[in-house]
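Following: one structure in structure tokens, then a few remarks.
Number of protein chains: 2
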Amino acid sequence: MNKLPGKTVERLSEYRRQLLGCLAENKSYIYSHDLAGLLHITAVQVRRDLMLIGYSSVLRKGYDIRELIDTIGRIIDYDEGLNVAIIGIGNLGRAVTGYFRGKRSKLNIIASFDTDPQKVNKVISGVKCFHTQDMEKMIREMDIRIAILTIPADYAKSMAEEIVRHGIKGILNFTTVPLNVPSGVYLEEYDMITSIEKVAYYVKENKV
Amino acid sequence: MNKLPGKTVERLSEYRRQLLGCLAENKSYIYSHDLAGLLHITAVQVRRDLMLIGYSSVLRKGYDIRELIDTIGRIIDYDEGLNVAIIGIGNLGRAVTGYFRGKRSKLNIIASFDTDPQKVNKVISGVKCFHTQDMEKMIREMDIRIAILTIPADYAKSMAEEIVRHGIKGILNFTTVPLNVPSGVYLEEYDMITSIEKVAYYVKENKV
DNA sequence: GAAATATTGTTAACTTTATAACACAAACTC
DNA sequence: GAGTTTGTGTTATAAAGTTAACAATATTTC
Ligand SMILES: NC(=O)c1ccc[n+]([C@@H]2O[C@H](COP(=O)([O-])OP(=O)(O)OC[C@H]3O[C@@H](n4cnc5c(N)ncnc54)[C@H](O)[C@@H]3O)[C@@H](O)[C@H]2O)c1
Ligand SMILES: NC(=O)c1ccc[n+]([C@@H]2O[C@H](COP(=O)([O-])OP(=O)(O)OC[C@H]3O[C@@H](n4cnc5c(N)ncnc54)[C@H](O)[C@@H]3O)[C@@H](O)[C@H]2O)c1
């Protein structure tokens, strides 16, 4: 499977999440337009995405939910799973970690790192917290490849450099600081303020 | 100013955030390529966005940071400001609220709503928490137009319907539940799992 | 003060992403 | 069992978004 459009990758993740919800409701088939409705997109978009990953429906019955979940998994998951660490287990770090727990996935948050002695060596949101001093050791020992950055902005830059040195290959950065990573490391950033300002813009312009 | 591309709106928000950071460092001018660097995009992109909003630089000195911040504000902000409420002041709600505080903006989180008696009537992350029973009254009284949904998934659907009835015009939905809003209400959704799965995909494919 | 340099604004070309069009096949319909 | 319906896979078309190209102009250099 060579290079899916980035947007398709995002939607595959969302399809799967919604499909898992459907499974929980004991459905076993779903039509493209129903799946589309869950994501607020068009049925054509769904069919096109699924075409790209080569998945075919049972004609006129829609897509086999369980099979589709597996197919998506084969595309976007790392076979053996990938280990993830949270760096900075404050409010946001706990929200992320708690959210992940229970959600099955090949992605496991298996450690958090913090400097606060109140937190170090405790289990927080179901995940053991280590001191950042031990980061190098733990990242290698636990084979952690992805880090989620939820520390105060001031430390973000040097922290990013450090974890990249220790072998992290992907970073989801929630701090507002512009990070620079070497090629070979994938960086994704998200800022809620952008989302809310966008909402505000459309509310203001009254465009919906 | 008629209908900017959605992506441009997002970037304007990001430009402003970075520009405010620059102001804090006592810079007063910035070149397109420097601003671009902060967002990991190209200088051309920056120039094109700023062209769209009709802002011109002082030639060869770059953009006047303070002026640009104001110009962006005139485009994306609501003149009198817009009031925002957090619904569900748990881990994520507190993270969002705390993050907003101090960030100047025409967007003010002025209330939170929850059902937990431990939280109601307390000030949490600097914002007063009200009981959801009083939501209708408070939304109208405080002229709240935008809501951020951070409640357990099960309640999301009915909550969305309720707040729309009470006059909310924009929703930022962090629950994983597919919401349906009537036209006239703008809905934005975000899911961290999508972000992380995307990171994982690119790490796996080793495309950077 | 002519030449070189740096940086912008804008049009045009390109790429990516989304939508539309439509032929096709299973499953009803009568 | 011919005809309609329904929902798909795919190719074609359009829209959105990005990058490239380049003329224009203030500043520096010599
Ligand atoms: N992008 C977004 O949408 C968004 C939203 C909310 C918060 N944030 C940002 O996320 C970060 C965390 O926010 P929060 O509300 O969880 O803050 P917080 O203060 O609750 O948590 C920060 C945590 O990081 C720990 N920490 C501090 N320095 C550290 C270091 N050098 N190494 C490791 N850990 C360290 C602290 O002990 C604390 O546990 C902030 O930078 C905030 O601005 C971003
Ligand atoms: N989209 C994302 O990226 C993302 C990330 C983290 C969490 N989440 C989701 O956000 C939600 C909140 O997560 P959290 O970690 O803050 O959970 P939490 O349990 O810490 O907080 C939930 C809060 O909602 C309150 N609440 C419960 N029922 C309510 C109701 N009917 N009306 C008003 N308030 C009510 C609770 O009292 C609590 O304060 C969950 O649905 C979670 O799945 C989404």
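Which chain is which? The protein sequence lines are A and B, in order. The first sequence runs 85 to 292 under our numbering. The second sequence runs 85 to 292 under our numbering. C-beta atoms are modelled at their ideal positions from N, C-alpha and C, and glycine is treated no differently.
| query | result |
| --- | --- |
| Below 9 Å between beta carbons is the criterion; list the residues of the segment 86–101 of chain B that meet it against any residue of chain A, in chain order. | N86, K87, L88, G90, V93, E94, R95, L96, S97, E98, R100 and R101 |
| Any beta carbon from chain B within less than 8 Å of L143 (chain A)'s own beta carbon? | no |
| Using CA atoms only, rank isn't needed, just tell me which of A:E273, A:H124 and A:E151 is closest to K111 (chain A). | A:E151 |
| Helix, strand or coil for F258 (chain A) per DSSP? | coil |
| Ordered along the chain, which non-local residues of its own chain (more than five positions away) have a Cβ less than 6 Å from that of L123 (chain B)? | E98 |
| Please give me, in chain order, every unbroken run of the beta strand (DSSP E) with length at least 3 that falls completely inside the segment 93–172 of chain A. | 166–171 |
| Quick check on K212 (chain A): does DSSP put it in helix, strand or coil? | strand |
| Is there at least one non-hydrogen atom of ligand 1 closer than 7 Å to the beta-carbon of P262 (chain B)? | no |
| Looking at L176 (chain A) and V283 (chain B), is the spacing between their C-beta atoms short of 8 Å? | no |
| Quick one: which chain A residues come within Cβ less than 7 Å of M276 (chain B)? | V180 and Y183 |
| How about I153 (chain B): is its Cβ closer than 7 Å to a heavy atom in ligand 4? | This structure does not include ligand 4; its bound ligands are ligand 1 and ligand 2. |
| So is S279 (chain B) in contact with chain A if we call contact Cβ pairs under 8 Å? | yes |
| Determine, using beta carbons only, whether I208 (chain B) and R178 (chain B) come nearer to each other than 8 Å. | yes |
| Okay, do the segment 257–266 of chain B and the segment 219–237 of chain B touch, 3+ Cβ pairs below 8 Å being the bar? | yes |
| Is the beta carbon of V269 (chain A) within less than 7 Å of some heavy atom of ligand 2? | no |
| Report yes if the C-beta distance between R229 (chain B) and L166 (chain B) is below 8 Å; otherwise report no. | yes |
| Grouping DSSP H, G and I as helix and E and B as strand, with all else coil, what is Y270 (chain A)? | strand |
| Of the choices B:T278, B:A127 and B:M243, whose alpha-carbon is the least far from that of N264 (chain B)? | B:M243 |
| In angstroms, rounded to a whole number, what distance separates the CA positions of M85 (chain A) and I137 (chain A)? | In this prediction, M85 (chain A) has a pLDDT of 49, which is less than 50 and means its spatial position is unreliable; what the coordinates show is noted afterwards. Going from the Cα of M85 (chain A) to the Cα of I137 (chain A) covers about 8 Å. |
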